[in-house]
Amino acid sequence: MKYPRLISITHIKELQELKRTKDFLYFGAGVTFTRLKSKLIQWNNDNSICQALLDQMKHFASTQIRNVASLGGNIISASPISDINPVLEAAGAILELHRADDNKVRKIPLCDFFLGNHRVSMADNEILVAIHIPLERSSNKCFLRSYKQSRRRDDSKGIVSAAFKIELEKINSFDNQWKIISACFSFGGMASKTILAINTQQQLIGLSWTKQTINIAYDLLLKEMPLDELSPGGQYQYRRTLIQSFLFKFYSYVCKELRQPSIDLIDNYYHREISHGQQTIPEKPQTQKIIGSSLSHRSAYLHTTGEAIYIDDMPSYINTLHAALVLSTKANARIKHIDIEDASKVVGFVSFVSYIDVPGSNKLNDELFDEELFVSSIALCIGAIIGVVVCESEHAAKIAANLIKIDYDLLSPRIFSID
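Per UniProt numbering, the very first residue in the sequence shown carries number 1; after that it's consecutive.
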């Protein structure tokens with residue numbers, strides 16, 4: 001499919017808005033991740049949705065991609081291993097779609113927007129304009145956290161990503177007991193789309209926030225996401241273990257926030273120290289042993305001290321000549337005539353050497369002899385060697401080579417790409 005027109009949306013005001021009210025966050029669909037990250041940092045005052053998004057964006061793609069990729073584009077691509085979509089889904093995000101022909105507005109929850117692998121509930125004449133995220137105004141405690149496991153920490157596709165949201169109501173102030181009012185668990189990498197663990201969420205409502213409840217949730221999650229050895233993406237046992245591990249991390253985080261007993265190290269962000277090392281090479285080896293010993297290169301001291309002498313550092317011998325290549329500027333072209341008149345006028349010009357001057361065979365390649373040293377008739381590619389200009393200095397040789405005029409007869413077909 002060819003598109004005759006490409007439209008940039010980077011300066012459409014309605015798609016670039018970022019605002020916060022007392023009831024919701026408003027993200028324009030055309031906002032880049034770099035702009036979104038800066039705004040989330042400003043808004044991140046006890047707002048768990050902001051922190052959950054920031055946690056995922058910390059390792060999302062590369063700086064270059066974040067500078068141009070938009071939030072709306074990430075949503076509409078509907079990748080089943082998206083890092084961002086589970087967070088938005090758990091937060092209850094609502095998409096605002098406009099019809100291009102009559103500008104009618106349709107709002108749809110993000111959880112109903114994904115239909116399958118890279119398929120969404122969106123008509124051809126609809127445009128995603130904005131993402132609305134409702135803010136909690138309940139007196140109950142609400143927590144939202146996101147997690148991701150990938151093969152490397154930065155700029156890597158996730159194996160499994162998850163976002164957990166829980167609303168708790170205090171039932172006993174004396175022993176700090178809490179009851180689950182609502183739950184929303186969203187996962188990427190566990191199906192052909194970003195999915196909610198709907199049955200698990202419903203089963204947890206009304207239960208106490210305890211380790212026993214989380215153990216129940218483990219079993220419910222595994223039943224709701226029955227991966228097997230034939231599941232796309234492989235590593236089904238590892239992925240099933242990851243969703244349980246993420247839930248346990250979330251449980252530890254919530255317990256810590258509620259000042260309940262928890263394993264503090266579980267939810268702490270791991271910061272890897274900068275690697276360092278050293279290699280000691282003694283001036284005088286203590287033994288004559290070679291194997292297992294570190295030996296410096298013979299020319300290492302000359303290179304590191306700057307005392308190494310290269311060809312360009314040496315003065316030229318008397319009557320030294322310098323050569324510069326004359327290369328083809330056309331591909332699949334027959335050479336009709338080579339004009340060296342202008343080149344011969346350069347001070348220091350000595351000669352132009354081509355295939356005519358090669359004694360014996362002009363062919364290369366020991367077995368097939370299918371390549372020429374100098375092009376004799378047809379230049380197969382741009383950069384094919386036609387000859388060399390020989391002058392008394394390197395500078396003169398380069399100037400003379402550029403003054404060689406070659407008349408081509410262009411042949412067909414001319415191939416410019418692998419397609």
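For each residue, glycine too, the CB sits at the ideal point set by N, CA and C.
Source: prediction; values computed, not measured.
Nearest-angstrom Cα distance between residue i and residue j?
| i | j | result |
| --- | --- | --- |
| G206 | S192 | 30 Å |
| Y147 | A123 | 32 Å |
| Y236 | I127 | 36 Å |
| A308 | L54 | 52 Å |
| N74 | G189 | 15 Å |
| A78 | G72 | 10 Å |
| E392 | N365 | 31 Å |
| H271 | P413 | 58 Å |
| L15 | K398 | 54 Å |
| N103 | E96 | 11 Å |
| R106 | A217 | 35 Å |
| I159 | Q177 | 35 Å |
| P359 | V346 | 27 Å |
| I9 | L242 | 38 Å |
| K157 | G233 | 12 Å |
| H59 | R153 | 7 Å |
| N125 | H98 | 8 Å |
| I171 | H132 | 32 Å |
| D137 | D23 | Contrary to the premise, residue 137 reads as Arg rather than Asp in this sequence. So the alpha carbons of these two residues sit roughly 8 Å apart. |
| G92 | P4 | 38 Å |
| P226 | Q279 | 51 Å |
| A69 | E89 | 19 Å |
| I356 | S344 | 18 Å |
| W209 | K179 | 6 Å |
| E372 | I415 | 20 Å |
| K363 | H11 | 59 Å |
| T34 | Q42 | 13 Å |
| F164 | F248 | 11 Å |
Can you list, in chain order, the residues of its chain whose CB lies under 7 Å from that of residue i, leaving out five sequence neighbours each side?
| i | result |
| --- | --- |
| S121 | I108, D112, F113 and L115 |
| I340 | F352 and I404 |
| I406 | I335, I338 and I386 |
| L327 | G383, A384, I385 and I386 |
| Q51 | N44 |
| G30 | I9, T10, I12, L15, Q16, S70 and G72 |
Provide the residue span of the beta strand (DSSP E) that contains residue i, from first to last.
| i | result |
| --- | --- |
| D155 | Premise fails: D155 is in no beta strand (DSSP E) and is neither H nor E. |
| I76 | No beta strand (DSSP E) contains I76, which is instead part of the alpha helix (DSSP H) from L71 to S77. |
| R35 | Taken as a continuous stretch (DSSP letters only), R35 belongs to no beta strand (DSSP E), being part of the alpha helix (DSSP H) at F33 to W43. |
| E96 | I94 to R99 |
| R5 | Where R5 is concerned, there is no enclosing beta strand (DSSP E), given that its DSSP letter is neither H nor E. |
Give the DSSP bridge partners of residue i, in chain order.
| i | result |
| --- | --- |
| L196 | S186 |
| P86 | None, per the DSSP bridge assignment. |
| L327 | I385 |
| V120 | F114 |
| A163 | S146 and S186 |
| D339 | K405 |
| K19 | Y26 |
| E333 | Here residue 333 turns out to be Ala, not Glu, going by the sequence shown. BP columns for A333 point to A379 and L410. |
| S351 | V390 |
| Q177 | N172 |
| I108 | L95 |
| K141 | L168 |
Report all residues from its chain with a CB closer than 6 Å to the CB of residue i; omit the five preceding and five following residues, and keep chain order.
| i | result |
| --- | --- |
| D342 | L403 |
| S182 | E167 |
| E224 | A197, N199 and T200 |
| V254 | F143 |
| K19 | Y26 |
Between which two residues does the alpha helix (DSSP H) holding residue i run?
| i | result |
| --- | --- |
| F27 | No alpha helix (DSSP H) contains F27, which is instead part of the beta strand (DSSP E) from F24 to G28. |
| L411 | Run containing L411: none; DSSP gives neither H nor E here. |
| V129 | Segment E126 to P134 is the beta strand (DSSP E) holding V129; no alpha helix (DSSP H) there. |
| Y301 | A300 to T305 |
| A52 | S48 to M57 |
| V346 | Where V346 is concerned, there is no enclosing alpha helix (DSSP H), given that its DSSP letter is neither H nor E. |
| K65 | The question names Lys, but residue 65 in the sequence shown is Ile. That run of the alpha helix (DSSP H) goes T63 to V68. |
Can you name, in chain order, every residue of its own chain whose Cβ lies under 8 Å from the Cβ of residue i, other than the five neighbours on each side?
| i | result |
| --- | --- |
| A333 | I378, A379, Y408, D409, L410 and L411 |
| S161 | Q56, I81, S82, D83, P86, S146, Y147, K148, Q149, F187, G188 and G189 |
| A259 | One detail in the question is off: residue 259 reads as Arg in this sequence, not Ala. If we look at R259 and ignore the five residues flanking it on each side, its Cβ neighbours are N176. |
Query raised in the report: What are the complete beta strand (DSSP E) segments, minimum 3 residues, inside the segment 357 to 400?
Result: With a minimum length of 3 residues, the continuous beta strand (DSSP E) runs that stay inside the segment 357 to 400 are 385 to 391.
Report task. At 4 residues or longer, and completely inside the segment 204 to 272: list those alpha helix (DSSP H) runs for me, N to C. Result -> 211 to 224, 236 to 257 and 264 to 267
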